[in-house]
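Numbered by the working numbering, the letters in the sequence shown go through residues 5 to 241 in order.
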Amino acid sequence: MRVEELDYAGLNDADLVDLFRARDSGAVRFIAAKNNQRLFRAAWAVLKDSAEAEDAVQSGYLKAFAAIESFEGRSKLSTWLTRIVINEALSQRRSTRRRATRLAEDDTGGAEAGLADGGTFPPDQPTPERHVANVQLQQALELALDRLPEIYRMVFILREIEGMTVDETSAALDVLPATIKTRFFRARQMLQAQLASIDRTDLDGFLTFGGDVCSALTARLTDLIAAQPAHAGPWLH
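Okay, structure coming up:
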């Protein structure tokens, strides 16, 4: 069977990892399409900026490729990728803060731009009234999440919005399951204090990463990985 005819959706993580390691373009596209949304939201939970979150996702994928030999299958591929992207987002934020500190010390007087733009919405075209209502709802939710301490925001996004299990979230954040449960409970309490209600259907549309933006990231990623050495050594931070 030719590679392009593979049913990627029917492959297990071990087979996908083998193809990813071999720079198989179909596997790269499938893995990206399946994980882009979760990874983007996880990165946004740290950076609170859509453009920076997208950069973190792309860098995370490349570092995952470089570290692919270290994937042992003890957690899901998606969970492993989430942890790498979160680490990349944290590293990116530290770098941004160091640059900001240097700028302040140099007294340049320049304020950095980059407010979160809220991501992209699904391609369907709602009525003007519904669009306004959706935008207002998303902005309210984004603001409420922005106010949460990071440890609660990350758990809420992964558990409630992405639907990850307690164990998956625990593995992604390297935190005990009992701590995940406590933080999730506290996050919901704090959000309910800010929002009249939290509807599951509203959460589904939060920070949607799809359409042309997702396709463009996947295309860039495929090209970048195709240019990488086929047998990278272990790497993970």
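Here a beta-carbon is modelled for each residue, glycine too, at the ideal position from N, C-alpha and C.
Exposure of residue i, with buried meaning 16 or more beta-carbon neighbours within 10 Å
{"i": "VAL21", "result": "buried"}
{"i": "SER174", "result": "buried"}
{"i": "SER74", "result": "exposed"}
{"i": "LEU23", "result": "buried"}
{"i": "ARG163", "result": "buried"}
{"i": "ARG151", "result": "exposed"}
{"i": "GLY64", "result": "buried"}
{"i": "GLY118", "result": "Residue placement at GLY118 is flagged as unreliable, the pLDDT there being 36, under the threshold of 50; the coordinate-derived value follows with that caveat. Exposed, by the Cβ-count rule."}
{"i": "LEU195", "result": "buried"}
{"i": "ASP191", "result": "Correcting the residue identity first, residue 191 is Ala in this sequence and not Asp. Buried, since its Cβ has 16 or more Cβ neighbours within 10 Å."}
{"i": "ALA68", "result": "buried"}
Residue i: first and last residue of the uninterrupted alpha helix (DSSP H) it sits in
{"i": "GLY215", "result": "215–230"}
{"i": "LYS52", "result": "Unbroken run through LYS52: none, as it is neither H nor E."}
{"i": "TYR156", "result": "154–160"}
{"i": "ALA18", "result": "17–25"}
Inter-residue Cα distance where the pair is residue i and residue j
{"i": "SER29", "j": "GLN198", "result": "44 angstroms"}
{"i": "ALA70", "j": "PHE189", "result": "36 angstroms"}
{"i": "ASP216", "j": "ALA144", "result": "25 angstroms"}
{"i": "ARG97", "j": "GLY14", "result": "37 angstroms"}
{"i": "PRO153", "j": "GLN232", "result": "37 angstroms"}
{"i": "ASP53", "j": "ARG27", "result": "30 angstroms"}
{"i": "GLU172", "j": "GLY214", "result": "23 angstroms"}
{"i": "ASN16", "j": "ILE35", "result": "12 angstroms"}
{"i": "THR183", "j": "ARG157", "result": "14 angstroms"}
{"i": "ILE165", "j": "GLU58", "result": "18 angstroms"}
{"i": "LEU85", "j": "LEU180", "result": "19 angstroms"}
{"i": "GLU76", "j": "ALA176", "result": "15 angstroms"}
{"i": "ARG25", "j": "ALA230", "result": "10 angstroms"}
Cβ-Cβ distance between residue i and residue j below 8 angstroms
{"i": "ARG42", "j": "SER99", "result": "no"}
{"i": "LEU221", "j": "VAL61", "result": "yes"}
{"i": "ALA93", "j": "VAL50", "result": "yes"}
{"i": "ALA31", "j": "VAL89", "result": "no"}
{"i": "ARG187", "j": "ILE155", "result": "yes"}
For residue i, the three-state DSSP class (helix, strand or coil)
{"i": "LEU180", "result": "coil"}
{"i": "GLU76", "result": "coil"}
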